[in-house]
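Under this note's numbering, the first residue of the sequence shown carries the number 8, and numbering increases by one thereafter. In this text, a Cβ means the ideal position worked out from N, Cα and C, and glycines have one as well.
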Amino acid sequence: MRLRALLHAAALAVAASALPAQADDWVSYGQSENGSYYFDRATLRTDGDRKRVWRLFALKAPRGDGVQSGKALIEFNCKAETFRYLRTMYYSGPMGQGRYVGGAKEQSTEPVGPGTMIGELARRVC
Numbered sequence: 008m009r010l011r012a013l014l015h016a017a018a019l020a021v022a023a024s025a026l027p028a029q030a031d032d033w034v035s036y037g038q039s040e041n042g043s044y045y046f047d048r049a050t051l052r053t054d055g056d057r058k059r060v061w062r063l064f065a066l067k068a069p070r071g072d073g074v075q076s077g078k079a080l081i082e083f084n085c086k087a088e089t090f091r092y093l094r095t096m097y098y099s100g101p102m103g104q105g106r107y108v109g110g111a112k113e114q115s116t117e118p119v120g121p122g123t124m125i126g127e128l129a130r131r132v133c
């Protein structure tokens, strides 16, 4: 009986090690001629009229400065229909991978424009 339990535990350990590591929960919300846009619904936070969420863009090809993807923490004021970037990070590889190329900290508040990728993200999270 003890041997059977040990074999069962060993089989479970082997099966668990074959599973992929926990990944971000990126959900596609749009595409442009240059690339695709995603948000991580697991990071969505609400504080009154404000929502914060991580967004990822993945370009089809790297830009001249070497950036192929980027992640940004964005705060929306759903009532005022505005947004601002709280943190932005750019990478040389696809889907937020590769070498860190640069980034920016908090930026000023801007209106959410209709028909834009940021407008589509606001529609989904607000």
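Hey, which unbroken runs of the beta strand (DSSP E) at 3 residues or more fall wholly within the stretch 43 to 120? You should have 57 to 66, 76 to 84, 89 to 98, 107 to 111.
So for glycine 126, helix, strand or coil by DSSP? Taking the sequence shown and counting its residues from 1, the one referred to as residue 126 is at position 119. Correct three-state label for glycine 126: helix.
Please list, in chain order, all residues of the same chain as glutamine 104 whose beta carbon is under 8 Å from its beta carbon, the five residues on each side excluded. The residue you call residue 104 lines up with position 97 of the sequence shown. Same-chain partners within the cutoff: Ser76, Tyr98.
Would you call alanine 68 buried or exposed, if buried means 16 or more other Cβ atoms sit within 10 Å of its Cβ? Taking the sequence shown and counting its residues from 1, the one referred to as residue 68 is at position 61. Alanine 68 comes out exposed.
Quick one: using the 10 Å Cβ neighbour count with 16 as the cut-off for buried, is valine 34 buried or exposed? Locating residue 34 in the sequence shown gives position 27, where the first residue counts as 1. Counting the other CB atoms within 10 Å of its CB gives valine 34 a total below 16, which places it among the exposed residues.
Give the range of the beta strand (DSSP E) segment to which serine 35 is assigned. The residue you call residue 35 lines up with position 28 of the sequence shown. Element bounds for serine 35: 33 to 38.
Integer Cβ distance of tyrosine 45 from leucine 63, believed to fall under 8 Å: For the purposes of this step, residue 45 is taken as the residue at position 38 of the sequence shown. For the purposes of this step, residue 63 is taken as the residue at position 56 of the sequence shown. Your pair tyrosine 45 and leucine 63 checks out as a contact, with CB atoms roughly 4 Å apart and the cut at 8 Å.
Report the option in Ile81, Asp54, Gly42, Ala87 whose CA atom is closest to the CA atom of arginine 94. In the sequence shown, counting from the first residue as 1, residue 94 sits at position 87. If we check each option's Cα against that of arginine 94, Ile81 comes out closest.
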